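Colleague:
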Amino acid sequence: MRIAEIFHSIQGEGALTGVPSIFIRTSGCNLRCTWCDTPYASWTPEGPDMAVADILDAIAAYPSRHIVLTGGEPMIARDIHILAASLRERGLHITIETAATIAPAGIACDLASLSPKLANSTPADDDPRGTGWQHRHEERRIQPAIIGAWIRHAIDQGGDYQLKFVVSSRADLAEIDGLLRQIPESVTPEKVFLMPEGTSMTALREKQSWLVPACLERGFRYAHRLHIELFGDTRGT
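Using our numbering, you'd call the opening residue of the sequence shown number 177 and step up by one each time.
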């Protein structure tokens with residue numbers, strides 16, 4: 177499978193914020209978010225092909241027991257199910273960060289970190305990074321039935337789930353409220369994280385003034401992007 181990077185860092189988002197984790201970032205994505213902060217795994221995928229055994233050897237250099245499978249979109253990666261099963265055999269905690277456009281299909285997972293992409297993510301059709309993506313992205317980005325399947329899968333495996341939304345403007349809040357009503361599983365508010373869009377502390381703070389009150393009103397959790405505070409918009413963190 178093509179791997180953009182493997183690194184050891186602090187989890188900066190969601191329920192496990194602050195937990196030392198090993199990130200395995202697959203290269204390749206079935207979406208093209210206009211604000212994507214890892215274009216080397218989506219718009220311009222890069223990285224070597226690695227066998228599962230080589231990936232396991234690479235992560236053995238780090239002491240953490242928490243593994244994050246991320247991307248790109250890890251669920252389109254060849255052998256992702258084999259990799260996840262191998263991680264489980266080693267007793268490691270597995271978080272899968274996915275846009276929830278592809279069904280889990282029995283994959284080993286302890287925390288399903290679901291990040292459905294809102295309308296703010298859709299690129300222009302003539303985006304110079306890659307034309308023709310507007311329709312494909314818009315058609316794929318929201319899959320309520322698949323989100324529900326991930327929630328059921330996580331619970332059935334004795335694991336957990338979270339829904340993380342990248343929020344650019346106040347208009348996104350209505351879209352989130354509407355999507356939660358479409359998901360065929362009951363989603364408790366404390367499982368929902370709202371993250372300000374941005375790759376600098378200045379950009380994140382600009383949205384805090386209205387995003388934090390929105391979380392308080394709805395009972396959602398505010399997702400402070402700790403890695404940006406600690407490391408900035410730096411690859412491998």
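Ideal placement from N, C-alpha and C gives every residue a C-beta, glycine not left out.
Keep in mind the model is a prediction, meaning the values are calculated, not measured.
Using 10 angstroms around the beta-carbon of W211, count the other beta-carbons present and answer buried if the total reaches 16, otherwise exposed.
Modeller: The residue in question, W211, is exposed, as its Cβ has fewer than 16 Cβ neighbours within 10 Å.
Colleague: In angstroms, rounded to a whole number, what distance separates the CA positions of W309 and C205?
Modeller: Their backbone Cα atoms lie some 12 Å apart in a straight line.
Colleague: Roughly how many whole angstroms lie between the Cα atoms of R241 and P196?
Modeller: Answer to the nearest angstrom: the Cα atoms are 8 Å apart.
Colleague: With distance defined between alpha-carbon atoms, name the residue in L268, V228 and V244 nearest to I258.
Modeller: Measuring from the Cα of I258, the nearest candidate turns out to be V228.
Colleague: From the DSSP output, read off the bridge partner residues of Q338.
Modeller: For Q338, which the question treats as bridged, DSSP gives the partners S289.
Colleague: Between G247, S376 and C391, which has its C-alpha nearest D409's C-alpha?
Modeller: Cα-wise, what sits closest to D409 is S376.
Colleague: Once you ignore the five residues that flank C391 on each side, which residues in its own chain have a CB closer than 8 Å to its CB?
Modeller: Cβ within range, chain order: L370, R397 and Y398.
Colleague: Measuring CA to CA, which of D301, T378 and Y337 is closest to T364?
Modeller: Selected option, being the one with the closest Cα: Y337.
Colleague: Starting from the C-beta of H329, find all residues in its chain whose C-beta is less than 6 Å away, skip the five residues before and the five after it, and write them out in chain order.
Modeller: Within the same chain, H329 has close Cβ partners P280.
Colleague: From the DSSP secondary-structure annotation, give me the bridge partner or partners of M251.
Modeller: According to DSSP, M251 bridges with nothing at all.
Colleague: Starting from E314 and walking both ways along the alpha helix (DSSP H), at which residues does that stretch end?
Modeller: Counting along the chain, the alpha helix (DSSP H) containing E314 begins and ends at W309 to R316.
Colleague: Excluding sequence positions up to five away, which residues of its chain have a Cβ less than 6 Å from the Cβ of A234?
Modeller: For A234, where only same-chain residues beyond five positions count, the Cβ hits under 6 Å are I182.
Colleague: Report all residues from its chain with a CB closer than 7 Å to the CB of E366; omit the five preceding and five following residues, and keep chain order.
Modeller: Here the set comprises G395 and R397.
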